[in-house]
Amino acid sequence: MQEFTPVSPRPTGPGINEAPVIDIIRRHGPVSRADIAKLTGLTPPTVTNIAGKLLDSGLIKEYRMGESSGGRPPLLLKINSGISQVIIMNIRSEVIMGYAIDPELQVHFEVTNSIKGMKEAAVLDLMLQMIDQCRKAATAPVAAIGVVVRGPVRLREGIVVFALNIGWKNLPLKTILEEKFQLPAFIENDAKVLTMGEYHYGSMKDTANMILLKVSHGIGAGIMINGRLYRGMNGSAGEVGHTTVDVAGPLCRCGNYGCLEALASEDALVELVVKAMKEGQPSCVDDLADGDPDRVTVDTVYQAADMGDSLALQMLDRVARYLGIGIANLVNIFNPELIVISGCIAKAQSHIEDTLNRIVRERAFESCSSILKIHFSERTTENTLKGAADMVFTEITKTAWLVQGKTASRL
């Protein structure tokens, strides 16, 4: 384990041109200076000058020779993956997943602990222990901490407004972490982080206008407009799970009635199936759960659907209809070129895709839906981690980078 040195933010940070060059090299490397100029819009001499400074600082290094259409092949540039690592905590419904990860998004240490049934204070204490464990296991100086939570976050202050699954409410998490570990800390909503992971590293990379809909225990969205994540006035944009799709619908956990989350989330799906079985509808879900309604999970329902179970298929079709209504509303408002459906619901793609597409076509304005593509992604955990790490590295690039235990203040 290497000793970590806290990053001390400089008043100005890297110059206005240096930060995007660093991000391009980190995300696209190995990459040529000519390609960096094209991607950033900077002049070739400016890129050459910046690259020279970054090479001198040890932040980047030259790589193998690239292909050339004629003349001497260019030297490519890539990030120096050994300069630092960041710690990522992904707080899911029942577990916390912790990682130490480098700028090339290679994981050097990971740990997972259950939080099922734990009180909010115990969850916080466990996460602090896990951060310390990851810090000690890191193989390079630790530069910052990132935490992914479910629910709205006030980004600048790093306050968790409400994380329903763990009971945190108006928790000043950024302040808590920075005071304890003396490292920069960044807190973000899970759907937004996943959106950035899909945008920069997923199969629909660099799609400028897209919406990611994460459907799991709850429903949230990340909205990309002209290549930028839309956060809203205080960072809470994207809570589409709490838009009303049925005014006479069931009570939602937020206190309102008829929310999309109460009708189309995985928790809602399980509740629908269990309720129907208790009312006497036959289903192989009962056998798969050994006759215990409390053991019915969303995976049980998906397994039953794969077996052709009529009740499971019926309830999945119902969920697909409500998801279609919610997506049609988003399409009419934002006119995206792509909707990505992520979360465990993507496992049920074959059972919900036709109904969902039909409802969107029926309810969305034709000029919006005619250009729309809907894509399912099952790489939720992977792209959440990549999006979270990318967020943290991007933020610390704006202030200072830790290079071999020292800040990159010479940039």
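Take 1 as the starting number for the sequence shown in full-length UniProt numbering and just add one per residue. Note that the Cβ used here is the ideal one computed from N, Cα and C, for glycine as well. Just so we're clear, the structure is a prediction, and the values are computed from it rather than from any experiment.
Cross-strand partners of residue i (DSSP beta bridge)
i    : result
M210 : M224, L338
D375 : Reading off the sequence, residue 375 comes out as His, not Asp. H375 pairs with V340.
A185 : I145
V270 : Answer is none; V270 lacks a bridge partner.
L42  : L42 pairs with nothing; no bridge assigned.
I219 : V215
L311 : Its beta-bridge partners do not exist; DSSP assigns none.
Y257 : L251
Y230 : I223
T244 : C259
V31  : L77
Residue of the options minimising C-alpha distance to residue i
i           : options                : result
M233        : F162, I371, T243, R154 : R154
V215        : K275, R92, E362, S84   : R92
L173        : S203, D294, V160       : V160
D56         : L42, I36, L77          : L77
I211        : S203, G202, K205, A221 : A221
residue 416 : Y63, I96, P103, G98    : Residue 416 is absent from the model: the chain starts at 1 and stops at 411.
H375        : L272, A289, K347, K180 : K347
E239        : Q182, A262, I24        : A262
F334        : I371, P74, G291        : I371
Q133        : T243, N357, E110, T297 : E110
V244        : I24, G235, Y257        : Val is not the amino acid found at residue 244; the sequence shown has Thr there. Per the Cα distances, Y257.
E94         : V47, H217, D292        : H217
A237        : T397, G151, S114       : G151
G197        : R358, R156, I223       : I223
E179        : L128, L39, R228        : L128
V148        : A191, G280, I36, G41   : A191
N281        : D309, L260, I96        : The displayed chain sequence assigns Gln, not Asn, to residue 281. Selected option, being the one with the closest Cα: D309.
Y63         : N329, I50, P30, L356   : P30
H351        : H242, D317, S203, R358 : D317
L311        : E279, A328, G324       : E279
P250        : R231, G235, Y230, E271 : E271
R253        : F162, A51, K53         : F162
G235        : G158, S203, I327       : G158
L164        : P141, T175, K119       : K119
D354        : G324, L288, L338       : G324
T195        : S377, K398, I24        : S377
Local Cβ density within 10 Å of residue i, reported as buried at 16 or more and exposed below that
i    : result
F365 : exposed
G405 : Any reading at G405 must be qualified, since the residue scores a pLDDT of 38, below 50, and its modelled position is unreliable; no value is offered.
T112 : exposed
V360 : buried
K386 : buried
W401 : At W401 the pLDDT is 49, less than 50, meaning the model places this residue with poor confidence and gives no usable figure here.
E362 : exposed
R380 : Note that residue 380 is Thr in the sequence shown, not Arg. That one is buried.
Q85  : buried
V403 : In this prediction, V403 scores a pLDDT of 44, lower than 50, which makes its location untrustworthy; no coordinate-derived value is stated.
L59  : buried
S32  : buried
A121 : exposed
E188 : buried
A248 : exposed
G255 : exposed
F4   : Reliability fails at F4, whose pLDDT of 34 lies under 50, so the model's placement of it is uncertain and the value that follows must be treated cautiously. Buried is the call here.
S342 : buried
N170 : exposed
K205 : exposed
K61  : buried
M307 : exposed
V107 : exposed
N90  : buried
T399 : buried
D292 : exposed
S369 : buried
G52  : exposed
Whole-angstrom C-beta distance between residue j and residue i, which should lie under 8 Å
i    : j    : result
L269 : V319 : 5 Å
I219 : A264 : 7 Å
E266 : I166 : With 8 Å as the limit, E266 and I166 do not qualify as a contact, their Cβ atoms being about 18 Å apart.
V301 : V331 : The pair is not a contact, with the Cβ atoms about 27 Å apart (cut-off 8 Å).
F393 : R135 : That pair is no contact at about 17 Å.
N80  : Y201 : Incorrect: roughly 20 Å between the Cβ atoms, too far for contact.
F181 : I101 : Going by Cβ atoms, the distance from F181 to I101 rounds to 16 Å, so no, they are not a contact pair.
S283 : A304 : 6 Å
L39  : N17  : So it is not a contact: roughly 12 Å between Cβ atoms.
G117 : M391 : No, G117 and M391 are not in contact; Cβ-Cβ is about 30 Å, not under 8 Å.
I396 : A143 : 6 Å
A389 : L183 : Not confirmed; about 15 Å, so no contact.
Y199 : L260 : The pair is not a contact, with the Cβ atoms about 23 Å apart (cut-off 8 Å).
I96  : L124 : Rounded, the Cβ-Cβ distance is 10 Å, inconsistent with contact.
Exercise for the section: Only counting runs of 4 or more residues, tell me where the alpha helix (DSSP H) segments fall wholly within the stretch 139 to 170, in order along the chain. Expected result: none
Practice task
List in chain order: all unbroken beta strand (DSSP E) runs of 3+ residues lying wholly within the stretch 54 to 142.
Solution key: 60 to 65, 75 to 79, 85 to 91, 95 to 101, 107 to 114
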